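First the structure, in the form of structure tokens, and then the observations on it.
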Amino acid sequence: TPASEAFVEYYKAQSILPEGEWERFIACLKTPLPASFRINDSGQFAAGVQSGFEKRFSGLMAAGAEHEYVDEATQTRVVVPPPKPLEWYPGRMAWQVNLSRHQLR
Numbered sequence: 013t014p015a016s017e018a019f020v021e022y023y024k025a026q027s028i029l030p031e032g033e034w035e036r037f038i039a040c041l042k043t044p045l046p047a048s049f050r051i052n053d054s055g056q057f058a059a060g061v062q063s064g065f066e067k068r069f070s071g072l073m074a075a076g077a078e079h080e081y082v083d084e085a086t087q088t089r090v091v092v093p094p095p096k097p098l099e100w101y102p103g104r105m106a107w108q109v110n111l112s113r114h115q116l117r
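Quick note: the sequence shown uses the working numbering, first residue 13, plus one each step.
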């Protein structure tokens, strides 16, 4: 893992970063990736799922509004921007939300 001593020791030996950038590099590695998902467009319910998803979140997406909730595990307030379609995937059938997989569950 990025926090382990062996990890840091190994990558420092590779001389890929100046010494002063290690803390920032490790912090970046510890940042959770956003969750992404796609709607299977070959299923019989694909169009309904996609339109229902867009209807449910269209107000948030148009306004750029954020949603707030309290993470039960950590008891911290989490602010989540609205989901956004992945531009490179056709038909607005793939989306990204800035939550970790753990938070999404």
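Don't be surprised by glycine CBs; every beta carbon is placed ideally from N, CA and C.
Quantities reported herein were computed from a predicted structural model and do not represent experimental measurements.
Y101 sits in coil when the DSSP states are folded into three classes, being neither helix nor strand. By the CB criterion at 9 Å, F19 and A106 fall outside the cutoff. The beta carbons of P30 and Q108 sit no closer together than 9 Å. Here I51 is buried: its Cβ has 16 or more other Cβ atoms, across all protein chains shown, within 10 Å. Secondary structure at F49: strand, using DSSP grouped into helix, strand and coil. Look at A39 here: in three-state DSSP terms it is helix. Residue environment: P44 is assigned as exposed (fewer than 16 neighbouring CB atoms within 10 Å of its CB, all protein chains considered). If you compare the alpha carbons of K67, S16, W34 and D53 with that of P102, the shortest gap goes to D53. Sorting K96, V82 and T88 by C-alpha distance to the C-alpha of F69 places K96 at the top. CA-CA distance, E21 to C40, rounds to 17 Å.
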